[in-house]
Amino acid sequence: MPDTAETAPFEVKDCALITLSTGIRVQNLREFRDALEKVPVGSIDHHFWGRLLRPQFDEPEYNNDFASWAYHGLHDKSLAEQLSMTLPTDFPDLETLRLELIDTVEKHLDESEMIPWARADQLFHFLHSQIVVFDTGLRFGDPRDLTAYLPSLSTGCIYYHFIDARSRTRQRCDDFSAWLAGFGDRYESLRLRLCGFDPYFSSLDEIRARVASLFQAFFEEQP
Amino acid sequence: MCASIHYRDDEFLGRYAAVTGACVIQHLEQLAASLKGARVVHVNSTREGGGVAEILQKLIPLKKALGIDARWEVIEGTPAFYACTKSFHNALQGMDIRLSDKLLEAYEETNARCAERLKPILEQADFVFIHDPQPAALLKHFPERRGQWIWRCHIDVRQPFRPVWKYLRPFLSAYDASIFSLPEFAQPLPHPQYIIAPSIDPLSEKNRDLPNAEIEKVYDRFDLDPERPMVLQVSRYDRFKDPVGVIRACRMAAKLTPLQLVLAGGEASDDPEGQAVLEEVRQQAEGHPDIHVLLLPADAHRTINALQRAADIVIQKSLREGFGLTVTEGMWKGRPVIGGDTGGIRLQVFNHYTGFLVRTPEGAALRIRYLLHNGRLRRQMGERARRFVLDNFLITRHLREYLTLLVSLQAGGRDRMMVG
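Laid out in structure tokens, this is it:
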């Protein structure tokens, strides 16, 4: 079984993101379907996680921008519900996720008597983002040492290690879990708890607090 | 990571760390590390008055403190130039305005003359930010430029008047990138279009905390009644800010609840239309002692700060708005805001959370009555509003996005970049 000495230290990285317009905007569901086919694949990713970077106040009713527009722009609740249960981590890559979204929308179009449309001030604007990643220089060889630092990680660190990792890594999970897996069974219950945390309705601050509390609770339970 | 980082309160960056937390400042330092020594020039058309000048007054020293060689240049034109650029401004916000060849000539001549003056600085810069349409035609005079040029649009250009957009588009297309405040404002242009919301500076004269005595002085100074609820709109006298609509709203609300309205407008040296709108507003206010129309000098920042803190409700009933920094300022002072349902105001005002969005004077009147009727709710909304600005609309967030953009352009605009 690998132990601390054999597992590479956890490298804390931070990131900053910036949003760009793709120049593509749509007003009805047919235009939306066509746009899904041609937007850069990064735009699909952005609309699942971009809300974490945007100023917002209310609790997100739906957990991605597509579902939110279906409800608030098109006033189509059933489509909003279907799109909200499309989870990026269920698909091996973003292109497969794109095909699934198109399929969901096409099916809905087939079942609709009229094409749902939005008011002129409720268009859907396809966006994407660029990410700048930088190394903080901090390294942790022992998960117990990392625990003390988690509450003071910047939200950029949280985004990189807990959100970005889901589209960046083969395991489609967060970097903390991937690192803990390197220790064999030793931290398995903590790893499973991290993997079981649904980040879709939380802000980055809330995700940080939750991750920190999971680590802390795990070590408090240890003899 | 910032657990062990401490900034001294008497240091420039330390003063910001005291407001935002050390993490935020350390994040900026890490991001700026790869930009150390980069020559960055911002160009606009006024040193004072209006949101752009206010942002630049603080953005430049902050960039310098992070090791970037930043500077700010201002172009100056003739009255015909300002008449032309004011018309651009109105037309880009959707007004049907025909521009004479003479005005367009004044625009291009001013840009050509300023290009000559600024040549040594702009030609050698690594990055040039051109703010709004006034200096947009500078670029064509720099075929030998070594750096990347970015057009920063602060205006609500969702539905520009097409002939004017068609005239400006060739100037803008040549830029390496553009920045808009909201996704809705982005226009088809052949380069990357970044989305960056503006911000306020929490340490500026306009936004820093004030002693109560200073706040109370505004009652005497402007003949206001300290016992009567106060509704305040701060903005230049511009038809898109709908000051006449605000007067109508307050007159309707005042039939049922006592209040006083203060319209506080500044002067901007690049706005030739302000005087005419001010006269209209004064006519509407005539015979109503509870409506106070103030014309304040461009540097009356502390006075505006005190007025915002003295107000019970801040209103910004704009018909079009690029962003609405006066909304942000009001929220930072813990005041609920009644805002026009347009542009960047929608990004800040959330119904029942930080204020209310309205479309008509009647809507504004209803919300004024509602808020004045419920003091507890007003305070709760105000507290949420301040927290919301702290998290989203301070200059440190704005700077982080500018730095990210610069790193991105430096790296060739890839979707994922590693620095450091």
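First to last, the sequence lines map onto chains A and B.
For what it's worth, our numbering labels the leading residue of the first sequence as 1, then goes sequentially.
For what it's worth, our numbering labels the leading residue of the second sequence as 1, then goes sequentially.
Beta carbons: idealized from backbone N, C-alpha and C, even for Gly.
Check: What residues in the stretch 20-40 of chain B bring their beta carbon closer than 7 Å to a beta carbon of chain A?
Finding: C23, H27, Q30 and L31
Note to self: Does chain B have any CB closer than 8 Å to the CB of P2 of chain A?
What the structure shows: Position 2 of the first sequence holds residue 2 of chain A. Annotation note: pLDDT 46 at P2 of chain A (below 50); position unreliable, no value reported.
Note to self: With a threshold of 8 Å between beta-carbons, can M331 of chain B be considered close to chain A, or not?
What the structure shows: To locate residue 331 of chain B, count along the second sequence from 1; it is residue 331. No, its Cβ sits nowhere closer than 8 Å to a Cβ of chain A.
Notebook entry, point to check: Are the C-beta of G420 of chain B and some C-beta of chain A separated by less than 8 Å?
Noted result: Position 420 of the second sequence, counted from the first residue, corresponds to residue 420 of chain B. Answer yes: the Cβ-Cβ gap between G420 of chain B and chain A drops below 8 Å somewhere.
Checklist line | Same chain, Cβ closer than 8 Å to T354 of chain B, five either side skipped, listed in chain order | finding: The sequence position of residue 354 of chain B within the second sequence is 354, counting from 1. Taken in chain order, the residues that qualify are M331, P336, V337, Q348, M381, R384, A385 and F388.
Notebook entry, point to check: With burial defined as no fewer than 16 other Cβ atoms inside 10 Å of the residue's Cβ, what is the status of M85 of chain A: buried or exposed?
Noted result: Taking the first residue of the first sequence as position 1, residue 85 of chain A is located at position 85. Under this definition M85 of chain A is an exposed residue.
Next item on the list: Starting from the Cα of P170 of chain B, find the closest Cα among B:S181, B:F185 and B:W151 and give me that residue.
Entry: Counted from its first residue, the second sequence places residue 170 of chain B at position 170. The shortest Cα separation from P170 of chain B among B:S181, B:F185 and B:W151 belongs to B:W151.
Check: How many angstroms separate the CA atom of I313 of chain B from the CA atom of L203 of chain B?
Finding: The residue given as residue 313 of chain B occupies position 313 in the second sequence. The residue given as residue 203 of chain B occupies position 203 in the second sequence. Answer to the nearest angstrom: the Cα atoms are 22 Å apart.
Next item on the list: Report, in whole angstroms, the separation of the C-beta atoms of H27 of chain B and S129 of chain A, which I expect to be a contact under 8 Å.
Entry: The residue you call residue 27 of chain B lines up with position 27 of the second sequence. The residue you call residue 129 of chain A lines up with position 129 of the first sequence. Incorrect: roughly 17 Å between the Cβ atoms, too far for contact.
Margin query: Closer than 8 Å is the cut-off here; do at least three beta carbon pairs connect the stretch 38-47 of chain B with the stretch 122-138 of chain B?
Written below: yes
Check: Nearest CA to the CA of R144 of chain A: which residue from A:D103, A:D14 and A:A217?
Finding: Position 144 of the first sequence, counted from the first residue, corresponds to residue 144 of chain A. Taking only the C-alpha atoms, the option nearest R144 of chain A is A:A217.
Check: So what does DSSP say about G274 of chain B, is it helix, strand or coil?
Finding: Within the second sequence, the letter at position 274 stands for residue 274 of chain B. Looking at G274 of chain B - three-state DSSP - the assignment turns out to be helix.
Next item on the list: Please list, in chain order, all residues of the same chain as Q159 of chain B whose beta carbon is under 6 Å from its beta carbon, the five residues on each side excluded.
Entry: Position 159 of the second sequence, counted from the start, is the residue given in the question as residue 159 of chain B. G94.
Item checked: M418 of chain B, buried or exposed, once every other Cβ within 10 Å from all chains shown has been counted against 16 -> Mapped onto the second sequence, residue 418 of chain B falls at position 418. Answer is exposed; the Cβ neighbour count stays below 16.
Notebook entry, point to check: From the beta carbon of I18 of chain A, is the nearest beta carbon of chain B less than 8 Å away?
Noted result: By 1-based counting over the first sequence, the position of residue 18 of chain A is 18. Yes - at least one Cβ of chain B is within 8 Å of the one on I18 of chain A.
Check: What residue range is occupied by the uninterrupted beta strand (DSSP E) comprising T19 of chain A?
Finding: In the first sequence, counting from the first residue as 1, residue 19 of chain A sits at position 19. Its beta strand (DSSP E) spans residues F10 to V26.
Margin query: I'd like to know if L371 of chain B contacts chain A, where contact means its C-beta is closer than 8 Å to some C-beta of that chain.
Written below: Here residue 371 of chain B corresponds to residue number 371 of the second sequence, with the count starting at 1. No, L371 of chain B lies away from the interface with chain A (no Cβ there is under 8 Å from its Cβ).
Check: Per DSSP, what kind of secondary structure is L409 of chain B in: helix, strand or coil?
Finding: Reading the second sequence from its first residue, position 409 is the one you call residue 409 of chain B. Helix, per DSSP.
Checklist line | Residue range of the unbroken beta strand (DSSP E) whose run includes M331 of chain B | finding: Residue numbering aside, residue 331 of chain B sits at position 331 when the second sequence is read from its first letter. Per DSSP, M331 of chain B belongs to no beta strand (DSSP E); it is in the alpha helix (DSSP H), L325 to W332.
Check: Whose C-beta lies closer than 7 Å to the C-beta of L20 of chain A among residues of the same chain, with five residues either side of it excluded?
Finding: Position 20 of the first sequence, counted from the first residue, corresponds to residue 20 of chain A. L127, H128, S129 and Q130.
Note to self: Starting from A364 of chain B, trace the alpha helix (DSSP H) in both directions and tell me its first and last residue.
What the structure shows: In the second sequence, residue 364 of chain B corresponds to position 364, counting from 1. It spans P361 to H373 - the alpha helix (DSSP H) in which A364 of chain B sits, taken as one unbroken run.
Note to self: Rounded to the nearest angstrom, what separates Q283 of chain B and I315 of chain B at their Cα positions?
What the structure shows: Working through the second sequence from its first residue, we reach residue 283 of chain B at position 283. Working through the second sequence from its first residue, we reach residue 315 of chain B at position 315. Rounded to the nearest angstrom, the two C-alpha atoms are 20 Å apart.
Next item on the list: Establish whether the CB of G242 of chain A and some CB of chain B are separated by less than 8 Å.
Entry: Residue 242 of chain A lies beyond the stretch modelled for chain A, which goes from 1 to 223, so this question has no answer here.
Check: How long is the line joining the alpha carbons of R54 of chain A and H47 of chain A, rounded to whole angstroms?
Finding: Position 54 of the first sequence, counted from the start, is the residue given in the question as residue 54 of chain A. Position 47 of the first sequence, counted from the start, is the residue given in the question as residue 47 of chain A. So the alpha carbons of these two residues sit roughly 11 Å apart.
Next item on the list: Would you kindly report the start and end of the unbroken alpha helix (DSSP H) that includes G14 of chain B?
Entry: Taking the second sequence and counting its residues from 1, the one referred to as residue 14 of chain B is at position 14. Residues F12 to T20.
Margin query: Using beta carbons (cut-off 8 Å, strictly below), is W193 of chain B in contact with chain A?
Written below: In the second sequence, counting from the first residue as 1, residue 193 of chain B sits at position 193. Per the sequence shown, the amino acid found at residue 193 of chain B is Gln instead of Trp. Closer than 8 Å to some Cβ of chain A, the Cβ of Q193 of chain B qualifies, so yes.
Check: Are the C-beta of P183 of chain B and some C-beta of chain D separated by less than 8 Å?
Finding: In summary, chain D is missing from the structure at hand, where the protein chains are A and B.
Check: Leaving out the 5 sequence neighbours to the left and right, which residues in its chain are closer than 7 Å to T328 of chain B when beta-carbon positions are compared?
Finding: Along the second sequence, read from residue 1 onward, the residue named residue 328 of chain B stands at position 328. Around T328 of chain B: I200, Q348, V389 and F393.
Next item on the list: Can you pull the chain A residues whose beta carbon is under 7 Å from the beta carbon of C407 of chain B, in chain order?
Entry: One-based indexing of the second sequence puts residue 407 of chain B at position 407. In the sequence on display, residue 407 of chain B carries Val and not Cys. Within chain A, the residues near V407 of chain B are V132.
Next item on the list: State the beta-bridge partners of H131 of chain B as determined by DSSP.
Entry: Your numbering for residue 131 of chain B matches position 131 in the second sequence. B:R152, per the DSSP bridge assignment.
Notebook entry, point to check: What does a CB cutoff of less than 6 Å around R359 of chain B pick up in its chain, not counting 5 residues either side in sequence?
Noted result: For the purposes of this step, residue 359 of chain B is taken as residue 359 along the second sequence, with counting starting at 1. Closer than 6 Å at the Cβ level, and outside the excluded window around R359 of chain B, lie D341.
Margin query: Quick check on F215 of chain A - is its C-beta less than 8 Å from some C-beta in chain B?
Written below: To locate residue 215 of chain A, count along the first sequence from 1; it is residue 215. No, no contact with chain B.
Check: Relative to the alpha-carbon of S225 of chain A, which residue among A:D90, A:F183, A:K107 and A:P9 has its alpha-carbon at the smallest distance?
Finding: Because chain A is modelled from 1 through 223, residue 225 of chain A falls outside the range shown and cannot be assessed.
Check: At least one CB of chain B closer than 8 Å to the CB of H161 of chain A: is that the case?
Finding: Position 161 of the first sequence holds residue 161 of chain A. Answer no: the Cβ-Cβ gap between H161 of chain A and chain B never drops below 8 Å.
Notebook entry, point to check: What residues of chain B sit near L127 of chain A, judged by a beta carbon separation below 8 Å?
Noted result: Here the question's residue 127 of chain A lines up with position 127 in the first sequence. Within chain B, the residues near L127 of chain A are P183 and I195.
Checklist line | Where the alpha helix (DSSP H) containing E37 of chain A begins and where it ends | finding: Along the first sequence, read from residue 1 onward, the residue named residue 37 of chain A stands at position 37. Where E37 of chain A is concerned, the enclosing alpha helix (DSSP H) stretches over L29 to K38.
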